Amino acid sequence: MADFLIVITTVDTHDAARKLARSAVEASLAASGQVTGPIETTYRHLGDVSEGAEYQVTFRTTDDRREALEKHLVDNHPYDSPEVIAFTIDAGRAEYLDWITRATR
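Final position of the sequence shown in our numbering is 106; the numbers increase by one with none missing.
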């Protein structure tokens with residue numbers, strides 16, 4: 002049985018978020034990509050604390066697609082050093098997890 006993951010990144014515009022979600026799903030790297038936002042963010046960059054708005058993109062994928070998804074996100078991301086983090090899905094309905102597998106093949 003495959004391991005299933007939630008992969009998250011953030012971008013600065015709604016358009017960039019939608020493009021990342023669509024391109025990853027079209028490439029079968031993720032079963033879905035959900036865009037949330039705008040969200041408020043406070044962050045430290047180059048020694049300064051800044052605030053702004055971002056959009057979060059949440060992907061569902063399998064562990065064997067994670068590296069390819071991460072590469073795709075980094076290669077197509079507007080940031081120089083983007084956040085791409087993954088969390089294991091510890092439990093889920095078998096039918097839903099099967100769908101993730103089918104959608105990423």
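The beta-carbon is built from N, C-alpha and C at its ideal position, and this holds for glycine as well.
Source: prediction; values computed, not measured.
### Task
Could you check what DSSP says for residue 75 in three-state terms: helix, strand or coil?
helix
### C-alpha distance - residue 25 paired with residue 58, whole-angstrom precision
11 Å
### Same chain only: Cβ atoms within 6 Å of residue 69, ignoring 5 sequence neighbours per side
30
### Among 89, 79, 10, 94, the one whose alpha carbon lies nearest that of residue 34
10
### Query
Within this structure, are the beta carbons of residue 42 and residue 6 separated by less than 8 Å?
no
### residue 9 - containing beta strand (DSSP E), residue span
5-12
### Message
Let's see if you can read the secondary structure: which residues bound the beta strand (DSSP E) around residue 49?
### Response
49-63
### Message
If you measure between the beta carbons of residue 105 and residue 32, is that distance less than 8 Å?
### Response
yes
### Task
Could you give the DSSP three-state label for residue 90: helix, strand or coil?
coil
### Query
In terms of alpha-carbon separation, which member of 64, 44, 38, 74 lies closest to residue 27?
74
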